[in-house]
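Line by line, the protein sequences are chains F and V. 0 is the number of the first residue of the first sequence in numbering that gives the first Met the number 0; add one for each residue after it. 0 is the number of the first residue of the second sequence in numbering that gives the first Met the number 0; add one for each residue after it. Note that the Cβ used here is the ideal one computed from N, Cα and C, for glycine as well. Here the structure is a predicted model, which means the values were calculated and not measured. Comments concern the structure below.
Number of protein chains: 2
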Amino acid sequence: MEDVAARAGVSRALVSIVFRQVPGASESTRRHVLAAAAELGYQPDRRASRLGRSRTRMLGVVFGLGHDFHAEVVDGIYAAAGDHGYEVVLSGVSPRRTESDAVRAVLAERCEAVVLIGTQLASRDIAELAGRLPTVSVLRQLRVPSVDVVRTDEAAGLEELVDHLHGLGHERIVHLDGGNAPGAAPRRRGYLTAMNRWGLEPASLVGGLTEESGAKAADQILAHTAAHRPTAVAAFNDRCALGLMHALIRRGLHVPEEVSVAGFDDIAAAGYAHVGLTTVRQDPDRLGQLAVDRLRHRLEGGTAPSPTGVVPATLMIRKTTAPPSA
Amino acid sequence: MEDVAARAGVSRALVSIVFRQVPGASESTRRHVLAAAAELGYQPDRRASRLGRSRTRMLGVVFGLGHDFHAEVVDGIYAAAGDHGYEVVLSGVSPRRTESDAVRAVLAERCEAVVLIGTQLASRDIAELAGRLPTVSVLRQLRVPSVDVVRTDEAAGLEELVDHLHGLGHERIVHLDGGNAPGAAPRRRGYLTAMNRWGLEPASLVGGLTEESGAKAADQILAHTAAHRPTAVAAFNDRCALGLMHALIRRGLHVPEEVSVAGFDDIAAAGYAHVGLTTVRQDPDRLGQLAVDRLRHRLEGGTAPSPTGVVPATLMIRKTTAPPSA
DNA sequence: GAAGACTACTAGAGCGCTCCAGTGAGAGCC
DNA sequence: GGCTCTCACTGGAGCGCTCTAGTAGTCTTC
């Protein structure tokens with residue numbers, strides 16, 4: 000910076016003014032400084048600039064490496080954060096890097112706030128974290144008062160899905176339950192509500208987050224005789240639905256003719272032309288945006304927070320659901 | 000830090016010594032300082048510590064958000080970097096955040112070196128980047144002299160795969176080509192080499208990175224009469240293979256009885272029990288480790304670099320390849 | 001019992017920025 | 001012409017650490 004200043008014949012402070020794009024430099028000087036910087040290949044050091052500044056304007060994001068849907072939320076966060084002059088510090092969770100490790104890193108970087116995507120941390124730990132800096136949990140519902148939650152209205156989404164299946168004429172509708180995965184509880188609730196509303200008997204099988212869990216459930220579905228077999232399945236998520244569907248097809252069952260299959264999330268693979276999975280869409284973009292809004296509100300106070308942290312789900316009817324055959 | 004020093008009755012420098020875990024403090028003082036820090040909830044600020052240090056020991060990692068295989072490589076990098084006291088700065092590429100954006104961020108953070116995973120950047124840009132700091136390209140082969148490349152021996156992998164298929168008795172073996180995706184060229188080369196070796200006629204169809212591309216190829220395969228239809232397909236990667244396979248099964252073709260299908264990468268989904276995709280395994284862990292080793296060598300000079308940046312591929316024979324039916 | 005070698009600790013400059021208080025020069029006004 | 005205002009710019013103190021040079025104090029060693 001010193002060198003740039005010398006070359007442009009100005010003070011270091013002026014160079015700073017130019018690079019921060021704040022008023023206080025004439026247009027001609029500005030160009031001069033920029034030219035000098037370009038010649039020297041100078042680029043400001045963000046770490047130093049953050050040190051000198053009172054606010055770091057950094058948002059930590061803890062997410063699961065390799066989780067497609069998390070990646071989509073991160074994309075939304077990148078966009079929303081960029082719009083408001085915040086930087087995003089990613090901290091990935093992987094088999095060898097625990098969520099605690101990831102949180103520790105975010106803390107050490109002096110982020111001003113943190114968003115946890117689909118966290119599996121204990122409420123106690125989350126509460127402690129929230130005591131240190133503004134925290135928002137995306138995807139996972141939490142009853143910790145100091146933590147903002149941004150999530151999809153999953154219960155409503157599943158209700159809508161069951162309504163759709165019922166509307167097609169299905170009665171034996173099974174739910175592949177996500178256990179204690181983030182989002183599993185409200186989906187279960189929505190399923191039960193809708194089944195009750197239509198006077199149908201709920202039935203659940205163990206599902207999960209991955210294709211494998213869906214494939215396992217296929218065995219149990221096929222164990223029934225055709226007359227008792229469920230005619231429709233609402234899987235915990237898309238990957239689970241995909242795994243189920245492929246296992247069923249491989250065993251010779253036709254989808255949707257013999258069994259309707261639906262997922263949740265609307266990941267990219269669900270929309271592929273050859274798949275056409277009926278599913279409940281979560282809007283990752285909106286989730287990311289809302290998370291950033293909430294944190295901004297906590298940090299800046301000024302702007303009104305989004306009225307709610309709940310994003311509506313959208314039923315995406317594609318090709319894997321149809322009226323039952325007989 | 001000042002507060003901690005005051006509370007422990009020592010100088011700031013001593014607190015620094017304790018937290019950096021370097022010699023120069025007695026065991027009792029060390030405990031004293033740590034206790035004082037704990038009471039005050041003090042945690043050192045990494046950004047400031049890096050500023051004061053000559054070396055930042057930060058490795059920038061540019062990767063595709065939502066690319067499963069990239070995520071696995073990142074995990075390997077986290078592990079290898081941690082072992083040698085380096086920190087990892089993730090910079091994700093997404094639809095709205097270009098690779099150039101990601102690289103710019105890494106530069107502004109003053110990372111000491113950068114690893115590009117499956118980069119799509121123009122060689123010119125990569126060369127320029129490499130002129131500024133040590134750069135290694137993982138997955139993508141590059142003929143830029145200043146850039147280290149760490150990749151799988153993809154040509155050998157595909158040769159081995161074709162050998163396997165030929166050994167099963169296949170003759171009409173088709174390759175779903177990845178176009179200009181990272182790794183497509185060597186896979187193509189390996190395919191052609193092996194086909195030539197066995198005197199078989201090579202045939203390629205357009206494949207790609209996603210399930211969708213595989214599903215599209217299925218149409219073309221099914222356009223052949225059974226007598227002329229390929230009996231085995233080597234897809235560009237696992238996702239492409241999975242898409243192809245599901246499309247084929249859905250059309251009533253049996254895998255592997257009527258068509259053998261194989262992929263590349265060995266992503267988690269390939270290994271699921273209900274899938275059992277025969278594939279060529281890339282070792283993401285090793286790739287990540289090698290990338291870090293190379294950068295360490297460039298940065299520290301001392302340690303001998305790994306002899307080669309090429310990781311062997313491993314043929315994983317599972318259930319989707321079998322002798323041709325006739 | 002003085003020189004030398006350790007060990008435990010401290011003072012203070014420095015890392016590359018930001019930002020506040022201030023300087024000087026010119027414009028506008030009566 | 002003197003006054004205030006604004007604008008462009010500068011000096012220098014910080015931000016929270018690291019790290020070198022140095023100061024005591026203790027332990028050897030002959």
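- For the beta strand (DSSP E) assignment, the uninterrupted runs of no fewer than 3 residues enclosed by the segment 250-320 of chain V are, from N- to C-terminal side, 259-264, 277-280 and 313-315.
- Distance from the CA of F/LEU58 to the CA of V/GLY182, rounded to the nearest whole angstrom, comes to 35 Å.
- Fewer than three pairs of CB atoms, one per stretch, sit closer than 8 Å, so the segment 65-76 of chain F makes no contact with the segment 102-111 of chain F.
- Fully enclosed beta strand (DSSP E) runs of no fewer than 3 residues occupy 57-63, 86-92 and 112-116 of the segment 54-116 of chain F, in order along the chain.
- F/ASP44 sits in coil when the DSSP states are folded into three classes, being neither helix nor strand.
- For V/LEU167, the secondary structure class from DSSP, reduced to helix, strand or coil, is helix.
- Taken atom to atom, the span from the alpha-carbon of F/THR320 to that of V/ASP282 is near 39 Å.
- In this model, F/LYS318 and V/ARG56 are separated by some 51 Å (Cα to Cα).
- For a Cβ distance threshold of 7 Å, nothing in chain V lies close to F/GLN140: the least Cβ distance comes to about 24 Å.
- Judged by their CB atoms, V/GLU159 and V/LEU298 are not nearer to each other than the 8 Å cut-off.
- Contact annotation: the segment 184-204 of chain V does not touch the segment 125-139 of chain V, with fewer than three C-beta pairs closer than 8 Å.
- Taking a C-beta distance under 8 Å as the contact criterion, V/LEU33 and V/VAL9 do not qualify as a contact pair.
- In this chain, the beta strand (DSSP E) harbouring F/THR134 covers 134-137.
- For V/SER145, the number of other beta carbons within 10 angstroms of its own is below 16, and it is reported as exposed.
- The beta-carbon of F/ALA12 is placed no less than 8 Å from the nearest beta-carbon of chain V.
- Only exposed fits V/ILE316, as fewer than 16 other CB atoms lie within 10 angstroms of its CB.
- Using a Cβ-Cβ cut-off of 8 Å, F/ILE220 does not count as an interface residue toward chain V, since no Cβ of chain V sits closer than that to its own.
- If you draw a 10 Å sphere on the C-beta of V/ARG186, you find 16 or more other C-beta atoms in it, and that means buried.
- Your pair F/THR230 and F/SER259 checks out as a contact, with CB atoms roughly 7 Å apart and the cut at 8 Å.
- Residues VAL113, LEU128 and VAL146 of the same chain have their beta carbon placed closer than 6 Å to that of V/THR134, with the five preceding and five following residues left out of the count.
- Here DSSP, grouped into helix, strand and coil, assigns V/VAL21 to coil.
- By the 16-neighbour rule on beta-carbons within 10 angstroms, V/ARG46 is buried.
- DSSP places F/ARG150 in the uninterrupted beta strand (DSSP E) bounded by 147-151.
- In the structure shown, the three-state DSSP call for V/VAL3 is helix.
- Beta-bridge analysis with DSSP links V/ILE172 to V/ALA231.
- Contacts with chain V (Cβ-Cβ distance below 8 Å) from the segment 227-248 of chain F involve GLY242, HIS245, ALA246 and ILE248, listed in chain order.
- Per DSSP, reduced to three states, the secondary structure at F/LEU50 is helical.
- Proximity of the segment 166-177 of chain F to the segment 285-293 of chain F falls short of the contact definition, fewer than three beta-carbon pairs being nearer than 8 Å.
- The bridge partners DSSP lists for F/VAL205 are F/ASP176.
- The beta-carbon separation of V/TYR190 and V/ALA233, rounded to 6 Å, stays under the 8 Å limit for a contact.
- Taking each of V/ALA12, V/PHE62 and V/ASP67 in turn and checking the Cα distance to V/SER48, the smallest one comes out for V/ALA12.
- With its beta carbon at least 8 Å from every one in chain F, V/GLU127 lies outside the interface.
- Contact annotation for F/GLY207 against chain V: no contact, minimum CB-CB distance about 12 Å [criterion: below 7 Å].
- Assigned with DSSP and collapsed to three states, V/GLY189 falls in helix.
- LEU89, GLY91, SER93, PRO94, ARG95 and ARG96: these are the residues of the segment 85-105 of chain V whose beta carbon lies less than 7 Å from some beta carbon of chain F, given in chain order.
- When 9 Å is used as the limit between beta carbons, F/ALA202 is near no residue of chain V, the shortest such separation being about 22 Å.
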